[in-house]
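Undergrad: So the mapping is simple: the working numbering equals the position in the sequence shown, first residue as 1, plus 189.
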Amino acid sequence: MNIVLDTNVLVSAVWSPGRNAYNILSAAFARRFTLCYDHRILEEYERVLRYPKLGFTAQEVNAVLDPLLKNGLSVVADPIPEVPFERDETDRKFYEVAKFCCAVLISGNLAHYPPDPEILSPADFCRRYL
190 MNIVLDTNVL VSAVWSPGRN AYNILSAAFA RRFTLCYDHR ILEEYERVLR YPKLGFTAQE
250 VNAVLDPLLK NGLSVVADPI PEVPFERDET DRKFYEVAKF CCAVLISGNL AHYPPDPEIL
310 SPADFCRRYL
């Protein structure tokens with residue numbers, strides 16, 4: 190199964206070992222799921238994980254990004270301009286990659302996305318698939 194993680198889920202996974210986001214990321218690193226991303230998502234992951242205010246060490250950032258690059262699926266997704274993103278246009282990239290990869294999109298900000306049964310919170314994803 191393909192999945193796309195919104196950046197807030199990735200940050201939560203690093204911050205909160207043992208919680209839903211961490212369990213999802215661990216399952217993906219164990220190859221139960223395939224993490225899908227494109228260059229826009231990867232750039233955001235790296236930029237946000239390296240924010241000084243988050244306080245992650247370079248080792249912690251690399252412990253997330255290295256397996257993602259090694260085991261994930263990098264794509265060039267087709268644009269989907271007809272779907273409105275009124276709350277946060279920057280979330281469009283996650284939606285486009287998820288649709289391109291027939292993936293479940295996992296986000297802590299469901300209100301930022303159009304209604305879609307394949308967009309789940311970390312808790313809902315864990316209840317359904319873990």
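Think of the CB as a built atom: it goes at the ideal place given N, C-alpha and C, for glycine as much as any other residue.
#1: Fully enclosed by the region 237 to 295, which beta strand (DSSP E) runs are 3 residues long or longer?
#2: Which class does Tyr226 belong to by DSSP, given the choice of helix, strand or coil?
#3: Taking Glu275 as the reference, which of Asn260, Tyr302, Val293 has the closest Cα?
#4: The beta strand (DSSP E) spanning Asn298 covers which residue range?
#5: Roughly how many angstroms lie between the CA atoms of Met190 and Tyr211, to the nearest whole one?
#6: Answer yes or no: do Ala217 and Leu319 have a C-beta to C-beta separation smaller than 8 angstroms?
#7: Using a threshold of 8 angstroms, state whether the C-beta atoms of Leu258 and Thr223 are closer than that.
TA: This is what the structure gives:
#1: If we require 3 residues or more, the beta strand (DSSP E) runs fully inside the region 237 to 295 come out as 293 to 295.
#2: Residue state, collapsed to three classes: strand.
#3: Of the listed residues, the one whose Cα sits closest to Glu275 is Tyr302.
#4: Unbroken run through Asn298: none, as it is neither H nor E.
#5: Cα to Cα, Met190 sits roughly 17 angstroms from Tyr211.
#6: Leu319 sits away from Ala217, with the two beta carbons spaced by 8 angstroms or more.
#7: No; because the gap between Cβ atoms is not below 8 angstroms, this pair is not in contact.
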